[in-house]
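Engineer: Handing you this structure, nothing more for now.
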Amino acid sequence: MIRAAGHTMATPDATLEEALVLLAEIGFEGVEIICADDYPCGLPTRPTTAQLTSVRSAAEQLGLAVANVVPYVRPINARDERTRLGHVDEMRRCLDIAAAIGSLSVRVWAGVDPEPGHETEQQELLVDSLRRLAGHAADLDVRLNVENHMGSHAISGAITTEIVQEVGSPYVGILYDPANLLVLGDADYQEAFTLQAPYIGHVHFKDVDVLGGGKHMPRLVGEGEVPWAWILPALAASGYSGFVSTEFEKRWHPQELPPSREGLQHELAQLRWMLSAPDDRVGA
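Residue numbers are given in UniProt numbering: position 13 of the sequence shown equals residue 13, and the series is strictly consecutive.
Okay, structure coming up:
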């Protein structure tokens, strides 16, 4: 059964502890936690043992599973070997953080934009990096999920699927973000879903209006262009039983979106409604 998580991107004005309490009060079953040094509502990239223990304990006491950890490590496709392997080591530390707080998975940014003329080479380097990480992920029983995202290799459902298939590990899957795919121009959402469905390990739930040129305007779910009324029932019908995380982008769009509590309540209500009668809504 699909479960709902709240993303700490939604609560930029709260501490992580305050965000956990808010998500539990609203009714979420899990939390997705940012790992970055420039964001107070998350974990630092070098947390202390006490910080990790505190977060895990707080989540457990509130009945929240840690669904995903979100680092911002990017150049794991760098052509410079020292740079690339240094960032692979950084991702290993992110896996250690995830394991310490009981997280099910870690978001992977599929490298940086490849240099012109070096797309194939850098995708091969990305795959090599992910293979290096897969063994550590397996040892910790934490899954790595490659996110459909701008500024990376994973700019379409087809390419993201190809990357994961080339890695060939059950511990490397896909973080499915259909809003990002629409912004990137991968408009055939049914095909993108079908290609990626066997590998989906986590889902980001948000809505947007596509402005063109890789730009978007955030919307509350149901008010934008993402066809969630088709996607969510299709996801459930595929047998997916992981988390769908409300990526309410209050961190990046504080003026365009309503207050955190109001927005999160709306997103959770929409998620539950769209999953409530999937047989009636597939194809809507």
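The beta-carbon is built from N, C-alpha and C at its ideal position, and this holds for glycine as well. In this text, all values refer to a predicted model and were calculated from it rather than measured experimentally.
Just the C-alpha distance for D280 and R272, rounded to the nearest angstrom, thanks.
Structural biologist: For D280, the pLDDT reaches just 47, beneath the cut-off of 50, and the residue's location in the model is therefore unreliable, although a value from the coordinates is still provided. Taking the straight line joining both Cα atoms gives about 14 Å.
Engineer: Report the start-end ranges of each beta strand (DSSP E) in the region 168-195 that is 3 residues or longer and not cut off at the edges.
Structural biologist: DSSP runs (the beta strand (DSSP E)) wholly in the region 168-195: 172-176.
Engineer: Less than 8 Å between the CB of G222 and some heavy atom of the ligand HEM, yes or no?
Structural biologist: In terms of ligand content, the structure shown is empty, and the ligand HEM therefore cannot be addressed.
Engineer: Closest to E25 by CA distance: which of G42, T53, Q61, D13 is it?
Structural biologist: Cα-wise, what sits closest to E25 is Q61.
Engineer: State the start and end residues of the unbroken alpha helix (DSSP H) segment that holds M217.
Structural biologist: Element bounds for M217: not the alpha helix (DSSP H) but the beta strand (DSSP E), 215-219.
Engineer: Can you pull the DSSP bridge partners for E5?
Structural biologist: Inspection of the sequence shows that residue 5 is occupied by Ala rather than by Glu. BP columns for A5 point to G30, S245.
Engineer: Using 9 Å as the threshold, is the C-beta distance between E262 and M9 below it?
Structural biologist: Not closer than 9 Å, so no.
Engineer: Please name the residue in A58, L195, G212 whose C-alpha comes closest to that of T161.
Structural biologist: Closest by alpha carbon: L195.
Engineer: Quick one: what's got a C-beta closer than 6 Å to I155's C-beta in the same chain, skipping five residues either side?
Structural biologist: Here the set comprises L184.
Engineer: For the beta strand (DSSP E) containing P71, list its first residue and its last residue.
Structural biologist: Per DSSP, P71 belongs to the beta strand (DSSP E) from 65-71.
Engineer: By a C-beta neighbour count over all protein chains shown, 10 Å radius and 16 as the cutoff for buried, is G283 buried or exposed?
Structural biologist: Because the pLDDT of G283 is 42, which lies under 50, any placement of that residue in the model is unreliable, and the number read from its coordinates should be weighed accordingly. Burial call: exposed.
Engineer: Contact check, L64 vs F28 under 8 Å by CB: the rounded distance?
Structural biologist: Between F28 and L64 the Cβ distance is about 7 Å, and since that is below 8 Å, they are a contact.
Engineer: What three-state label does DSSP hand D280 in the structure shown?
Structural biologist: Any reading at D280 must be qualified, since the residue scores a pLDDT of 47, below 50, and its modelled position is unreliable; the value itself is stated next. It is helical.
Engineer: Under a Cβ-count criterion, where at least 16 other Cβ atoms within 10 Å of its own Cβ denotes burial, should E121 be classed as buried or exposed?
Structural biologist: Flag for E121 reads exposed.
Engineer: Measuring only the C-alpha atoms, how far is E225 from F193?
Structural biologist: One C-alpha to the other measures close to 16 Å.
Engineer: Closest to D186 by C-alpha separation, out of V146, H7, G212, would be which residue?
Structural biologist: D186 has its Cα closest to that of G212, out of V146, H7, G212.
Engineer: Three Cβ pairs or more, each shorter than 8 Å: is that satisfied between the region 94-104 and the region 28-45?
Structural biologist: Yes: the two stretches touch, three or more of their Cβ pairs being nearer than 8 Å.
Engineer: For W109 and G168, what's the separation of their Cα atoms in angstroms?
Structural biologist: Distance between the alpha carbons of W109 and G168 is about 18 Å.
Engineer: If we cut at 9 Å on Cβ distances, does R74 have a partner in chain D?
Structural biologist: Among the chains of the structure shown, chain D does not appear; only one protein chain is present.
Engineer: Does the separation of the CB atoms of E267 and T246 fall below 9 Å?
Structural biologist: Taking 9 Å as the Cβ cut-off, E267 and T246 qualify as a contacting pair.
Engineer: T11: buried (16+ other C-beta within 10 angstroms of its C-beta) or exposed?
Structural biologist: So T11 counts as buried.
Engineer: Please determine if the region 115-129 and the region 46-55 are in contact, where contact requires at least 3 C-beta pairs separated by less than 8 Å.
Structural biologist: Short answer: they don't touch.
Engineer: Just to check my reading of the structure: L220 and D207 have Cβ atoms closer than 8 Å, yes? What is that Cβ distance to the nearest angstrom?
Structural biologist: Right, the Cβ-Cβ distance comes to about 6 Å (below 8 Å), so this counts as a contact.
Engineer: Mark H87 as exposed unless 16 or more other C-beta atoms lie within 10 angstroms of its C-beta, in which case mark it buried.
Structural biologist: Flag for H87 reads buried.
Engineer: Could you tell me which uninterrupted beta strand (DSSP E) segments, each at least 3 residues in length, are contained entirely in the region 60-147, listed from first to last along the chain?
Structural biologist: Within the region 60-147, the complete beta strand (DSSP E) runs of at least 3 residues are 65-71, 105-108, 143-147.
Engineer: Look at the Cβ atom of T116, then the Cβ atom of N77, and state whether they are nearer than 9 Å.
Structural biologist: The question names Thr, but residue 116 is Pro in the sequence shown. The answer is no: Cβ separation not under 9 Å.
Engineer: Could you check the C-alpha separation between D128 and V164 for me, to the nearest Å?
Structural biologist: Taking the straight line joining both Cα atoms gives about 11 Å.
Engineer: Is the beta carbon of A179 closer than 9 Å to that of S238?
Structural biologist: Not closer than 9 Å, so no.
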